[in-house]
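Chains as they are written, first to last, in our numbering: chain A, 40 to 159; chain B, 11 to 490; chain C, 51 to 471. All remarks here apply to the structure that follows.
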Amino acid sequence: METRELTCIGCPLGCLLKVETDQGQVHKVTGNTCKRGETYARKEVVNPTRIVTSSVLVEGGNQRVVSVKTREDIPKEKIFEVIEALRGVKVQAPVHIGDVVVSNAADTGVDVVATRNVLN
Amino acid sequence: MYDVVIIGAGVSGCAVARELSRYRLNICVVEKEEDVCCGTSKANSAIVHAGFDAPAGSLMAKLNVQGNEMMEALSGELDFPFQRNGSLVICLQEDEMPGLKTLYDRGIENGVKDLRIIDREELRELEPGISDDAVAALYAPTGGIVCPFAMNFAFAENAAANGVEFRFDTEVTGFCKREGYWNIKTSQGELESRYVVNAAGVYADRMHNMVSARKLHITPRRGEYCLLDHSASSLVTHTIFQLPGKFGKGVLVTPTVHGNILIGPTAEDIEDREGTNTTRAGIEELMERSGAVVKGIPFQQVITSFAGLRAHEDGHEFCIGEAEDAPGFIDCAGIESPGLTAAPAIGKMVADIIYEREQPQVNPEFTGKRRGILDPNTLSEQEHAALIKQHPAYGSIVCRCEMITEGEILDAVNRPLGAKSLDGVKRRTRAGMGRCQGGFCAPKVMELLARERNLEFLQITKSGKDSQMTAGRNKDREAF
Amino acid sequence: MLNFDIVIVGGGPAGLAAAIAAKENGAASILVLERDQELGGILNQCIHNGFGLHTFQEELTGPEYAARYIERLQKAGISYKLNTMVMDISAKKVVTAMNRTEGILQIHARAVILAMGCRERSRGALNIPGFRPAGVYSAGTAQRLVNMEGYLPGRRVVILGSGDIGLIMARRMTLEGAKVQVVAELLPYSGGLKRNIVQCLDDFGIPLKLSHTVVEIHGRKRVEGVTIAQVDENRKPVPGTETYYDCDTLLLSCGLIPENELSKELGVEINPLTSGPKVNESFQTSVPGVFACGNVLHVHDLVDFVSREAEAAGKHAALYVKNQTEHDNSADIPIAAEQGVRYTVPNTVNLKRMDEEHTLRFRVGDVYKNCYVAVYLDEKRIYHRKKQILAPGEMEEIVLKKEELAAVPDLTKITVKLEEA
Numbered sequence: 040m041e042t043r044e045l046t047c048i049g050c051p052l053g054c055l056l057k058v059e060t061d062q063g064q065v066h067k068v069t070g071n072t073c074k075r076g077e078t079y080a081r082k083e084v085v086n087p088t089r090i091v092t093s094s095v096l097v098e099g100g101n102q103r104v105v106s107v108k109t110r111e112d113i114p115k116e117k118i119f120e121v122i123e124a125l126r127g128v129k130v131q132a133p134v135h136i137g138d139v140v141v142s143n144a145a146d147t148g149v150d151v152v153a154t155r156n157v158l159n
Numbered sequence: 011m012y013d014v015v016i017i018g019a020g021v022s023g024c025a026v027a028r029e030l031s032r033y034r035l036n037i038c039v040v041e042k043e044e045d046v047c048c049g050t051s052k053a054n055s056a057i058v059h060a061g062f063d064a065p066a067g068s069l070m071a072k073l074n075v076q077g078n079e080m081m082e083a084l085s086g087e088l089d090f091p092f093q094r095n096g097s098l099v100i101c102l103q104e105d106e107m108p109g110l111k112t113l114y115d116r117g118i119e120n121g122v123k124d125l126r127i128i129d130r131e132e133l134r135e136l137e138p139g140i141s142d143d144a145v146a147a148l149y150a151p152t153g154g155i156v157c158p159f160a161m162n163f164a165f166a167e168n169a170a171a172n173g174v175e176f177r178f179d180t181e182v183t184g185f186c187k188r189e190g191y192w193n194i195k196t197s198q199g200e201l202e203s204r205y206v207v208n209a210a211g212v213y214a215d216r217m218h219n220m221v222s223a224r225k226l227h228i229t230p231r232r233g234e235y236c237l238l239d240h241s242a243s244s245l246v247t248h249t250i251f252q253l254p255g256k257f258g259k260g261v262l263v264t265p266t267v268h269g270n271i272l273i274g275p276t277a278e279d280i281e282d283r284e285g286t287n288t289t290r291a292g293i294e295e296l297m298e299r300s301g302a303v304v305k306g307i308p309f310q311q312v313i314t315s316f317a318g319l320r321a322h323e324d325g326h327e328f329c330i331g332e333a334e335d336a337p338g339f340i341d342c343a344g345i346e347s348p349g350l351t352a353a354p355a356i357g358k359m360v361a362d363i364i365y366e367r368e369q370p371q372v373n374p375e376f377t378g379k380r381r382g383i384l385d386p387n388t389l390s391e392q393e394h395a396a397l398i399k400q401h402p403a404y405g406s407i408v409c410r411c412e413m414i415t416e417g418e419i420l421d422a423v424n425r426p427l428g429a430k431s432l433d434g435v436k437r438r439t440r441a442g443m444g445r446c447q448g449g450f451c452a453p454k455v456m457e458l459l460a461r462e463r464n465l466e467f468l469q470i471t472k473s474g475k476d477s478q479m480t481a482g483r484n485k486d487r488e489a490f
Numbered sequence: 051m052l053n054f055d056i057v058i059v060g061g062g063p064a065g066l067a068a069a070i071a072a073k074e075n076g077a078a079s080i081l082v083l084e085r086d087q088e089l090g091g092i093l094n095q096c097i098h099n100g101f102g103l104h105t106f107q108e109e110l111t112g113p114e115y116a117a118r119y120i121e122r123l124q125k126a127g128i129s130y131k132l133n134t135m136v137m138d139i140s141a142k143k144v145v146t147a148m149n150r151t152e153g154i155l156q157i158h159a160r161a162v163i164l165a166m167g168c169r170e171r172s173r174g175a176l177n178i179p180g181f182r183p184a185g186v187y188s189a190g191t192a193q194r195l196v197n198m199e200g201y202l203p204g205r206r207v208v209i210l211g212s213g214d215i216g217l218i219m220a221r222r223m224t225l226e227g228a229k230v231q232v233v234a235e236l237l238p239y240s241g242g243l244k245r246n247i248v249q250c251l252d253d254f255g256i257p258l259k260l261s262h263t264v265v266e267i268h269g270r271k272r273v274e275g276v277t278i279a280q281v282d283e284n285r286k287p288v289p290g291t292e293t294y295y296d297c298d299t300l301l302l303s304c305g306l307i308p309e310n311e312l313s314k315e316l317g318v319e320i321n322p323l324t325s326g327p328k329v330n331e332s333f334q335t336s337v338p339g340v341f342a343c344g345n346v347l348h349v350h351d352l353v354d355f356v357s358r359e360a361e362a363a364g365k366h367a368a369l370y371v372k373n374q375t376e377h378d379n380s381a382d383i384p385i386a387a388e389q390g391v392r393y394t395v396p397n398t399v400n401l402k403r404m405d406e407e408h409t410l411r412f413r414v415g416d417v418y419k420n421c422y423v424a425v426y427l428d429e430k431r432i433y434h435r436k437k438q439i440l441a442p443g444e445m446e447e448i449v450l451k452k453e454e455l456a457a458v459p460d461l462t463k464i465t466v467k468l469e470e471a
C-alpha cells in the first residue's frame with residue numbers, strides 16, 4: 040500500500056488529495072471536495088499525461104522559430120525526451136498549422152506538429 | 011602623442027573636449043565605460059540651478075550663475091532640450107522665514123537675476139499643488155530643467171565632429187611624468203599626452219592622488235530618485251525645493267523636459283564608488299519628504315527609481331585648475347551639484363587654462379552647431395508625413411510608451427559615437443524609458459542593434475561588457 | 051480622409067472577435083489597426099496549450115486560437131492594417147494612425163472599438179530596490195524572447211509573482227534548458243490557475259514561496275543574485291527572513307495594467323479599480339460611439355471570455371452605427387460592487403438597450419471560502435448562490451435577465467456583493 044499526495048487542478052480550491060494505491064491500482068481517494076477530484080486523482084496516479092509545447096528553428100521563413108506541440112497527450116515522464124527529440128530540428132518555410140515536425144517523437148507514438156503558420 | 015587627454019566622458023569631460031576642439035589640438039577622451047554619460051551625469055536632478063545655493067564668493071557660485079546664463083544659447087546651438095521653468099524654494103514654517111531671507115541674500119550676492127520672495131497667495135497661484143502649510147517661497151525665474159543625457163551627448167558629438175577622439179572601455183590605471191608630457195597607463199595600453207584633464211567624477215581623487223602629494227578626497231554621495239509617468243505631469247510646473255529646516259534637507263519635486271515628474275534625491279555618503287543601487291529606506295524617505303511639500307503625489311505612477319553618485323569633495327567646492335606639484339595635470343574634480351548647470355562654464359574655464367598656456371591656433375574647421383536626434387513629435391503632421399515618405403523608418407513606432415520611431419533609433423545607433431547597447435539607445439532616444447520600461451520594445455531594439463551593428467543577437471548588451479541580454483539559444487548544449 | 055463604419059484599435063483576440071461580430075451584425079465597413087507585424091496580439095507568443103476549451107471545446111495553443119479568428123476575419127473580408135500605430139483618437143472619432151508605407155492616416159469612424167490590451171507591471175513600478183542590471187525581465191518579455199526569437203534570457207532563474215504568465219514561463223524556461231530555482235509570491239495565495247501551479251511548478255519540482263518578495267537585486271552589469279524575504283500581513287518584509295538566491299535572471303509576473311493612454315487622451319472615463327474604461331451594458335464608454343473590450347477594459351484570465359466580451363462589444367458597435375442611437379444615459383441603472391466584490395463590468399445597464407440576457411463579470415478582492423454571491427435589485431435579492439471558493443485570480447460571471455430587471459418598478463440600483471453562509 041502506497042499513499043501519494045496531489046493538488047487537484049479542477050478549480051481554485053486546489054484540494055489536497057490523498058491517493059492510496061496498491062500495485063498500481065487506486066484504492067481510495069480522500070481530501071477531494073467533489074467528484075472531479077477523484078477522477079483527476081485516479082488518472083494522475085495511474086497514467087499522468089501532458090501536452091508538450093515548444094518551438095523549433097525555421098529556415099527561410101519570416102519568423103526565426105515556429106511553435107510546436109505534441110498532437111496528443113504523452114506520458115508525463117517522457118516530457119524531457121520529447122524536448123530532446125526537438126533539439127537541433129530545423130524546418131523549411133513555409134510551415135502550416137498541423138504540419139508534422141517530428142513524427143513519433145521519443146517513441147511515444149505521438150507526432151509533434153506546428154502550431155502556427157510561417158510564410159516564406 | 012596627444013596634446014590633451016581628458017579622463018571621463020561625463021558632462022564635464024565632454025564640455026571641456028568641446029571647448030578645446032575650437033583649437034588645433036590633438037585631443038582624446040578616455041572613458042572606462044562603454045559610452046558617453048555613464049556616471050554621475052546620467053543620474054542626477056536634471057536641474058539648471060539659478061545659483062542661490064552655493065556659498066557666496068565660491069567657484070561653485072560663480073560657475074553656476076555663468077553656466078545658467080550660457081545654457082539657453084548653448085541649447086539652441088547644440089540642440090538639446092532646455093526649459094526655463096523657474097524654481098521655488100518653499101518655506102513651510104513662519105519661524106523659518108529668516109532662512110529664506112538668507113537664501114535670497116546669497117542669491118543676490120551670487121548675481122542671480124530676478125530673484126524675489128513671494129507670499130502664500132502668489133505661490134498658490136503659481137503652484138496650486140503646494141502644501142497648505144507653505145507660508146512663502148523664494149522664486150527664481152532663471153531656474154530651469156535640462157535633459158542631462160542630451161546635453162552630455164551634444165558636447166561629445168560636437169567635440170567628435172570637430173576632431174576629438176574618444177576611447178571607450180578604457181580605464182586609466184596610472185601615470186608617469188616624462189619630460190614635457192605624461193605617460194598614461196590604461197586598461198587598453200599606454201597613451202602619451204602633454205596635458206591631462208582629470209574629469210573622472212567619483213574617481214577624480216584617485217586620479218589626482220596618483221600624481222600629486224597634495225591629496226584630494228572625494229566621497230560618493232548617493233542620491234536616490236523616483237520618476238513618475240507623464241500622466242502625473244500636471245503635478246507641478248516649477249522646480250520645487252524645500253527650505254532646509256528642522257526636518258532636514260528636503261527633496262525636490264520637478265517636471266522634466268520630457269513631461270515626467272522627478273522626485274529626489276536622498277543624500278547618503280557611501281564607500282562604494284559604483285554603489286548606484288536603490289534602497290527600500292531611500293525610496294520610503296523620498297515618498298515621505300516630498301509629500302510634505304507637494305500635495306497628493308501619485309506614487310502609484312512611479313515608473314522607475316534610480317540612484318546616482320555625487321562626487322562630493324571634502325571642502326564642498328569645485329577643484330578646477332592645474333595640480334600645483336604636477337604640471338600639465340589639470341583637475342576638474344569635486345563636480346557635484348550644481349555641476350550640470352555649471353558644465354558649460356567648467357568647459358570654458360578648463361579650456362581657457364590650456365589656451366593661456368599653449369596659445370593654440372584656432373581650428374579653422376570648427377563648427378559649433380550640432381543637430382540632435384530628430385524627434386518627429388516636434389514636426390507638423392505634414393512635415394512628419396514628408397519625412398516618412400523620405401525615410402519610412404520614421405513611420406514605424408518601436409517604443410510605444412514614449413512614441414519613439416525606428417528612424418530615431420537608427421539615427422542613435424549610426425551617428426558619431428552612436429549607441430552600442432540598449433541603455434545607449436535609451437539615453438539617446440528615450441526608447442524603453444517609459445511606463446513599460448522596455449517590456450515591449452527591448453526585443454525590437456535588440457533586433458535593430460544586431461542588424462545595424464552587425465552583431466549576433468546573443469552579443470547585444472544592456473550596458474556594455476558583462477551585461478548580455480540573453481544567455482544562449484533554446485535547447486543549446488550548455489543547458490543540458 | 052478615409053471613412054469606416056467601425057475602426058478597431060488592436061488586432062489581438064478582442065479586436066478580432068469584435069470585428070467579426072460587428073460584421074455579422076451588419077456593419078458594412080470595418081477596419082482593424084494592428085501595431086505589430088501580424089494579427090493575433092499576445093496570443094502569438096503564448097505557445098502553450100489551454101486556450102479555447104469554452105469556445106471550441108478543444109485545447110488549442112495561443113497561435114492556433116488566433117489563427118482560427120484570423121481566418122474568419124479574412125473570410126469575412128474585413129480590412130486590416132498591420133505595423134500601424136494609432137497615435138490619437140479625437141472626440142469626433144477621427145483616428146490618426148501611422149505606418150511606414152502610408153505615412154500618417156486620418157480615418158473617420160462612426161464608431162470606435164478600443165481593444166489595445168494591457169501591459170505588464172515593470173520592475174520600476176514595483177519599486178524593487180537594488181542595482182539595475184541586465185537580466186531583469188517581465189515574464190512577457192521573456193516569453194517573447196524564448197517563444198518567438200528562440201533565445202534564453204538566462205540560465206538560473208528566480209521568478210517574482212505567481213501570475214499565470216510567470217508560471218507558464220517557469221515551465222517554458224525549464225524545458226528550454228534553464229534552472230528555475232523558486233517562484234516567490236507576495237500574497238498569501240497565488241493568482242495563477244491551480245492547473246498551472248501543478249503542471250508548471252510541481253511537475254518540475256519548482257518551489258512556490260507564498261508571502262515572499264524580492265527585497266534586493268544584486269549585480270551591477272548582469273543579475274548575480276536576488277534576496278528574497280518573507281512578508282508580514284501588511285506585505286512588509288520581515289527582517290531576518292532573507293535568503294540569497296544565486297541567479298542570473300529575475301522574471302517579474304506581478305500584474306497586468308490595461309493600456310488606456312489613448313482612451314484617457316480621448317476623455318474616456320476610467321474606473322480606478324480596473325484601470326479600464328467605465329462601460330454600460332453595450333460596452334460603450336463615457337464617450338458616445340466609443341466601445342471597449344478585452345484586456346483594455348479589464349484584465350481577463352481566459353481568452354475565451356475575451357472573445358465573448360468582444361463579440362458583444364462588436365455587436366453593439368454595429369447596432370450603434372445602424373441606429374445611430376442617441377446616447378441617452380438618463381435611464382442607466384448603476385451597478386454597485388460591495389462587500390468583497392472589487393469591481394463589475396459593466397458599470398451600468400439600460401433596459402432599453404439591454405439584450406434579454408447580459409453576462410455581468412466581476413472579481414473579488416480576496417480569497418473567500420463557502421460564501422454566497424448575491425445580487426440585489428434595490429432591496430430585493432434576486433440571486434443567491436453558494437461558492438466553495440472565490441479568488442481574485444478567477445473572473446466570475448452572473449447572467450442578468452432583462453425580464454427580472456424590468457419587473458422591479460423604478461429600479462435605481464443593482465448591487466453585487468458577497469454574503470456569509
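From the three backbone atoms N, C-alpha and C, an ideal C-beta is built for every residue, glycine too.
- Listed in chain order, the positions of the stretch 145-158 of chain A with a beta carbon within less than 8 Å of a beta carbon of chain C are Thr154, Arg155, Asn156.
- Per DSSP, Gly415/C lies in no alpha helix (DSSP H) and is assigned neither H nor E.
- Between Ala147/B and Arg116/B a beta carbon distance of about 16 Å is seen, past the 8 Å cut, so the two are scored as non-contacting.
- In this structure, the straight-line span from the alpha carbon of His268/C to that of Gln334/C is close to 47 Å.
- Neighbours of Arg89/A in chain C, taken as residues at a C-beta separation under 7 Å, are given in chain order as Gln249.
- Annotation: Ile345/B to Pro230/B spans about 11 Å, alpha carbon to alpha carbon.
- Nearest to His326/B by C-alpha distance, out of Ser68/B, Cys24/B, Ile37/B, Arg32/B, is Ser68/B.
- Considered as a whole, the stretch 242-267 of chain B harbours no complete run of any alpha helix (DSSP H) with no fewer than 4 residues.
- Between Leu89/C and Ile58/C, the CB-CB gap reaches or exceeds 8 Å.
- Beta-bridge analysis with DSSP links Thr46/A to Leu55/A.
- Within chain B, the residues Ile313, Thr314, Arg445, Cys446, Gln447, Gly448, Gly449 have their CB atoms less than 9 Å from the CB of Ser172/C, given in chain order.
- Between the stretch 394-401 of chain B and the stretch 191-200 of chain B there are fewer than three C-beta pairs closer than 8 Å, too few to call the two in contact.
- Neighbourhood of Arg43/A in chain C, by CB distance below 9 Å: empty, with the nearest CB roughly 12 Å away.
- Contact annotation: Val304/B and Leu245/B have beta-carbon atoms nearer than 8 Å.
- In the assembly as shown, Thr224/C is a buried residue. Its beta-carbon has 16 or more other beta-carbons within 10 Å.
- Between Val57/C and chain B, the shortest Cβ-Cβ separation is not below 8 Å.
- Here Arg81/A has Val65 as same chain residues with Cβ atoms under 6 Å from its own Cβ, once five neighbours each way along the sequence are excluded.
- Judged by their CB atoms, Arg411/C and Glu444/C are not nearer to each other than the 8 Å cut-off.
- Rounded to whole angstroms, the separation of the alpha carbons of Phe450/B and Thr191/C is 7 Å.
- Residue-level contact check: Glu284/B touches chain C, since one or more beta carbons of chain C fall below 8 Å from its beta carbon.
- When Gly269/B, Arg320/B, Val39/B, Gly77/B are compared, the shortest CA-CA separation from Glu278/B is found for Arg320/B.
- Chain-ordered listing is empty here: chain B has no CB closer than 8 Å to the CB of Ser106/A, the nearest sitting near 11 Å.
- Note on Ala159/C: 16 or more other CB atoms within 10 angstroms of its CB, so buried under the neighbour-count rule.
- Taken atom to atom, the span from the alpha-carbon of Gly76/C to that of Met404/C is near 18 Å.
- If you compare the alpha carbons of Asn284/C, Ala457/C, Ala424/C, Gly339/C with that of Ala141/C, the shortest gap goes to Gly339/C.
- Leu455/C carries a helical assignment under DSSP once its states are collapsed to helix, strand and coil.
- When the five nearest sequence neighbours on each side are left out, the beta carbons in the same chain lying within less than 6 Å of the beta carbon of Met297/B are those of Phe309, in order along the chain.
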